[in-house]
Amino acid sequence: MNSIIHKDSQMSVAFEQFKDKLYHNSFAFFQLIALQALGYLFSFSSSMTGIGDQHFMLSIRHISPIPLFIMSVIWIVVQAFGFSGEKRREYYMVSNNFTAYFSDIAVLEIYAVIIGITMVFSGPMLQLLAGLSSGYPNLGTTYDSMTALHYLSLFITTTFYALLFGAGAYFLGILRSRYQSFLVIGSIAFILLLITWSLLGIRFIGPGFNIGTAGVKQFYVQETSIMLWLIKIIGSLGALYGLSWLAIKNLEVNR
Amino acid sequence: MIRCDELTKYFNGTRALDGCSFEISEPTLTGVIGVNGAGKTTLFKSIAGFLKPTKGEVYILDEQAFQNIIAAQNVMLTEDGMSFYPTASLHELIGSYSRFYPNFDQSLAIKLTEYFRLEEKKKYNELSKGMKSTFRLILALSARAPITLLDEPTTGMDPGVRKELFELILKDYIKVPRIILISSHYLGEMEELLDSILFIHEGKVLKHDDVEEFQTFLTGVQGAPKLIESLEDKLQIYDCKDFGAGIRRIIVESKDLESLSLKEDVMNSLTFKGVSPEDAFVYLTKRKGGGIDELYHS
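One line per chain: the protein sequences are L and D, in this order. As numbered in numbering that gives the first Met the number 0, residues 0 to 254 make up the first sequence, in order. As numbered in numbering that gives the first Met the number 0, residues 0 to 297 make up the second sequence, in order.
1. Please state whether the Cβ-Cβ distance between residue 17(L) and residue 147(L) is less than 8 Å.
2. Confirm, please, whether the CB-CB distance from residue 265(D) to residue 220(D) is below 8 Å.
3. Closest Cβ-Cβ distance between residue 152(D) and chain L: below 8 Å?
4. Would residue 98(L) count as contacting chain D if we go by Cβ distances under 8 Å?
5. Can you tell me which residues form a DSSP beta bridge with residue 157(L)?
6. Hey, does residue 90(L) have any beta-carbon neighbour from chain D nearer than 8 Å?
7. Look at residue 101(D) and residue 1(L) and say whether their C-beta atoms are less than 8 Å apart.
8. For a cutoff of 8 Å on Cβ pairs, would you count residue 233(L) as touching chain D?
9. Any C-beta of chain D within less than 7 Å: which residues of the segment 0-14 of chain L qualify?
10. For chain D, check one thing: does any of its Cβ atoms lie closer than 8 Å to the Cβ of residue 243(L)?
11. With respect to the alpha helix (DSSP H) encompassing residue 212(D), which residues constitute its N-terminal and C-terminal limits?
12. Find out if the Cβ-Cβ distance for the pair residue 252(L), residue 90(L) is shorter than 8 Å.
13. Flag this pair as yes or no: are the beta carbons of residue 55(D) and residue 104(D) separated by less than 8 Å?
14. With DSSP as the reference, please indicate the residues paired to residue 8(D) in a beta bridge.
15. Is the beta carbon of residue 107(L) less than 8 Å from the beta carbon of residue 162(L)?
16. With a threshold of 8 Å, are at least 3 pairs of Cβ atoms found where one atom belongs to the segment 239-259 of chain D and the other to the segment 217-231 of chain D?
17. With hydrogens ignored, establish whether the beta-carbon of residue 187(L) is closer than 7 Å to any heavy atom of the ligand MG.
18. Who pairs with residue 247(D) in a beta bridge, going by DSSP?
19. Between residue 83(D) and chain L, is any beta-carbon pair separated by less than 8 Å?
20. Within 10 angstroms of the Cβ of residue 234(L), are there 16 or more other Cβ atoms? Answer buried if so, exposed if not.
21. Considering only residues of the same chain and omitting the five flanking positions on each side of residue 185(L), which have a CB-CB separation below 8 Å?
22. In angstroms with no decimal places, state the Cα-to-Cα distance between residue 214(D) and residue 189(D).
23. Checking contacts by CB at 8 Å: is residue 175(L) closer than that to chain D?
24. Considering residue 156(D), what are the terminal residues of the alpha helix (DSSP H) in which it resides?
25. Per DSSP, which one or two residues make a beta bridge with residue 198(D)?
26. Which residues of chain L have a Cβ atom closer than 7 Å to the Cβ of residue 57(D), listed in chain order?
27. Based on DSSP bridge pairs, tell me the residues matched to residue 59(D).
28. So residue 187(D) is in the beta strand (DSSP E); what residue range does that whole segment cover?
29. Beta-carbon separation of residue 241(D) and residue 282(D) under 8 Å?
30. Since residue 186(L) is in the alpha helix (DSSP H), which residue starts that stretch and which ends it?
31. For residue 99(D), is the classification buried or exposed, using 16 other Cβ atoms within 10 angstroms of its Cβ as the cut-off for buried?
32. I'd like to know if residue 87(L) contacts chain D, where contact means its C-beta is closer than 8 Å to some C-beta of that chain.
33. Considering only the beta carbon of each residue, do residue 199(D) and residue 39(D) sit closer than 8 Å?
34. Of all the CB atoms in chain L, is at least one closer than 8 Å to the CB of residue 280(D)?
35. Go to residue 270(D), then tell me how far its beta strand (DSSP E) extends in each direction, as first and last residue.
36. Within 10 Å of its beta-carbon, does residue 125(D) have 16 or more other beta-carbons around it, so buried, or fewer, so exposed?
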């Protein structure tokens, strides 16, 4: 009996890869837990006072989920870099650039959703920890007034922001895989382009022209309309995914 | 099923393949022979759809191979540089491969893993070089892909295991006939299991023929130096050696020799010896002008 020829669709292969990547990267979830545990420590803004090593007092001023989110973002950035940099192994096990790309993006979406879920639960968790550790049960009262809608918006924003960071890291990782040493030249060219743009902006718009990180942060964070915010985020994600696809499209497997 | 049309591949200006053309449409066990750097691995990677041809094309099942999912599903490539999930055990890797290759015979993979004493709980990176090669070969054969490409499958193995694995390849091929391409430096050891040989040199396909053709391709002609010298002008010489004062031997193409239609008395004063495919490979790839001897005598 001869070997049978198979012609499965790209989507079915991509779905199989997605499951396989989730399975083989299950250890990453433990890394997330460890990083978030570290994040919880930094989430308590506290000060310690005392004389010598006998008398001291720990006072927690306030609690903030920001360090927790930063740790989660570090995690998704590392994972995205890993997916984009370690591409060879999946090609030996039935793959093409489309299925590899599609399954990577799908796994990163799941990771972002997990970050969103853990961030939703971080509020009550922080309150609980604050109450247990220092006897300040009323710390973080802002969480008490949060409605289901607030939690939903917290979930959506943290998920999308995590996705944005993940997509950015994935794009850079793919560029590194594809162009290797050219990435350094590309980065220098990009910086030169930014400088030229700034000089032209100041020359024609005036000294108020600003394209620094503060401007980027303002663009993504300060928005009053949820629809506009969503358009900005989804548009940026689409651009990053599109650029990643263009970079991976003709990538050869040769290292 | 495999068709290469003028396949050419450059890497940063360096030519790895230079207009390779050949076709394999029936199940065969083909040995891909060539010196280091001849272009064997580049050819395999091009067939597997990993590399984009600079010129020409590779077709798998009549479709362009590069990044083609149908080609990927029906081609199994194993090579030394193959990488696996670092945290996965051999058992998990077998499981993963069985999900991707629909023809994968998981029970065979497990039986072979046990037979070659590979611990299923171990991770791939924990194996020795020879064990890694064995495991890769187990995956490749168990996948039962219509096109199986084995690039140096016996790297790092001791001769005993090597012999067993060549036997295993043959048995598996008989059970499930398919296109199997094997590149190896041990042509002598695998010669008896091959149907055909694809001979690559400096990125070109020099010869693609049955093993029998390779076995009779070159002939050693031995005799008195004067008589041999008279033949040298009329034939393409692949090698020439003097054995003492009265005997000289040349290696020539058998068909060239036949075309000379030598007289019976000349034939009787010469001795003819067959050249094995392994020796033929050495003669065909020999550098022009000198060799190691010249290095030491110059």
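C-beta atoms are modelled at their ideal positions from N, C-alpha and C, and glycine is treated no differently. Computed from a predicted model, the values in this text were never measured in an experiment.
Reading from the atomic positions:
1. As a position in the first sequence, residue 17(L) is number 18, starting the count at 1. As a position in the first sequence, residue 147(L) is number 148, starting the count at 1. Contact: no.
2. What you label residue 220(D) is simply residue 221 of the second sequence in a count that begins at 1. What you label residue 265(D) is simply residue 266 of the second sequence in a count that begins at 1. Cβ atoms of residue 220(D) and residue 265(D): not closer than 8 Å.
3. Position 153 of the second sequence, counted from the first residue, corresponds to residue 152(D). No - not a single Cβ of chain L is within 8 Å of the one on residue 152(D).
4. Here residue 98(L) is taken as the residue at index 99 of the first sequence, counted from 1. Taking Cβ atoms only, chain D reaches closer than 8 Å to residue 98(L), which makes this a yes.
5. Start at 1 with the first residue of the first sequence, and residue 157(L) comes out as number 158. Answer is none; residue 157(L) lacks a bridge partner.
6. In the first sequence, residue 90(L) corresponds to position 91, counting from 1. So, interface residue.
7. On the second sequence, residue 101(D) is found 102 positions in, with the first residue counted as 1. On the first sequence, residue 1(L) is found 2 positions in, with the first residue counted as 1. No, they are not a contact pair.
8. In the first sequence, residue 233(L) corresponds to position 234, counting from 1. Taking Cβ atoms only, chain D never reaches closer than 8 Å to residue 233(L), which makes this a no.
9. 0, 1, 2, 3, 4, 5, 6, 7, 9, 12
10. Looking up residue 243(L) in the first sequence gives position 244. It does not: the Cβ of residue 243(L) has no partner Cβ on chain D nearer than 8 Å.
11. Sequence index remark: in the second sequence, residue 212(D) carries index 213 (1-based). Where residue 212(D) is concerned, the enclosing alpha helix (DSSP H) stretches over 210-216.
12. One-based indexing of the first sequence puts residue 252(L) at position 253. One-based indexing of the first sequence puts residue 90(L) at position 91. Yes; because the gap between Cβ atoms is below 8 Å, this pair is in contact.
13. Numbered from its first residue, the second sequence carries residue 55(D) at position 56. Numbered from its first residue, the second sequence carries residue 104(D) at position 105. No.
14. The residue labelled residue 8(D) in the question sits at position 9 within the second sequence. Answer is 16(D).
15. Indexing the first sequence from 1 puts residue 107(L) at position 108. Indexing the first sequence from 1 puts residue 162(L) at position 163. Yes, Cβ-Cβ distance for residue 107(L) and residue 162(L) is below 8 Å.
16. yes
17. Absent from the structure shown: the ligand MG. Ligands present: none.
18. Position 248 of the second sequence holds residue 247(D). Paired residue(s): 222(D), 241(D).
19. The count along the second sequence starts at 1 and reaches residue 83(D) at position 84. Judged by the 8 Å Cβ criterion, residue 83(D) is in contact with chain L.
20. Here residue 234(L) refers to the residue found at position 235 when the first sequence is read from its first residue. Classification of residue 234(L): exposed, given that the 10 Å Cβ count is below 16.
21. Stepping through the first sequence from its first residue, residue 185(L) is reached at position 186. Taken in chain order, the residues that qualify are 174, 178.
22. Stepping through the second sequence from its first residue, residue 214(D) is reached at position 215. Stepping through the second sequence from its first residue, residue 189(D) is reached at position 190. Distance between the alpha carbons of residue 214(D) and residue 189(D) is about 13 Å.
23. Locating residue 175(L) in the first sequence gives position 176, counting from the first residue. Chain D, which has no Cβ nearer than 8 Å to the Cβ of residue 175(L), makes this no.
24. Taking the second sequence and counting its residues from 1, one reaches residue 156(D) at position 157. It is not in any alpha helix (DSSP H) - residue 156(D) carries neither H nor E in the DSSP assignment.
25. For the purposes of this step, residue 198(D) is taken as residue 199 along the second sequence, with counting starting at 1. DSSP, once it has assigned bridges, lists 32(D), 206(D) as partnering residue 198(D).
26. As a working mapping, residue 57(D) is identified with position 58 in the second sequence. Those do not exist, as residue 57(D) stays about 13 Å from chain L at its closest Cβ, beyond 7 Å.
27. As a working note, residue 59(D) is residue 60 in the second sequence. DSSP, once it has assigned bridges, lists 1(D), 62(D) as partnering residue 59(D).
28. Walking along the second sequence from the start, residue 187(D) turns up at place 188. Note, residue 187(D): premise wrong, no beta strand (DSSP E); alpha helix (DSSP H) at 186-189.
29. Counting from 1 along the second sequence, the entry for residue 241(D) is found at position 242. Counting from 1 along the second sequence, the entry for residue 282(D) is found at position 283. Cβ distance not < 8 Å, so residue 241(D) and residue 282(D) don't count as in contact.
30. Along the first sequence, read from residue 1 onward, the residue named residue 186(L) stands at position 187. Per DSSP, residue 186(L) belongs to the alpha helix (DSSP H) from 181-203.
31. Counted from its first residue, the second sequence places residue 99(D) at position 100. The residue in question, residue 99(D), is buried, as its Cβ has 16 or more Cβ neighbours within 10 Å.
32. Position 88 of the first sequence, counted from the start, is the residue given in the question as residue 87(L). It does; some Cβ of chain D falls within 8 Å.
33. Within the second sequence, residue 199(D) is the residue found at index 200, counting from 1. Within the second sequence, residue 39(D) is the residue found at index 40, counting from 1. For residue 199(D) and residue 39(D), yes; Cβs fall inside 8 Å.
34. As a position in the second sequence, residue 280(D) is number 281, starting the count at 1. No, residue 280(D) does not count as interfacial toward chain L.
35. Taking the second sequence and counting its residues from 1, one reaches residue 270(D) at position 271. Where residue 270(D) is concerned, the enclosing beta strand (DSSP E) stretches over 270-273.
36. As a working note, residue 125(D) is residue 126 in the second sequence. It counts as exposed.
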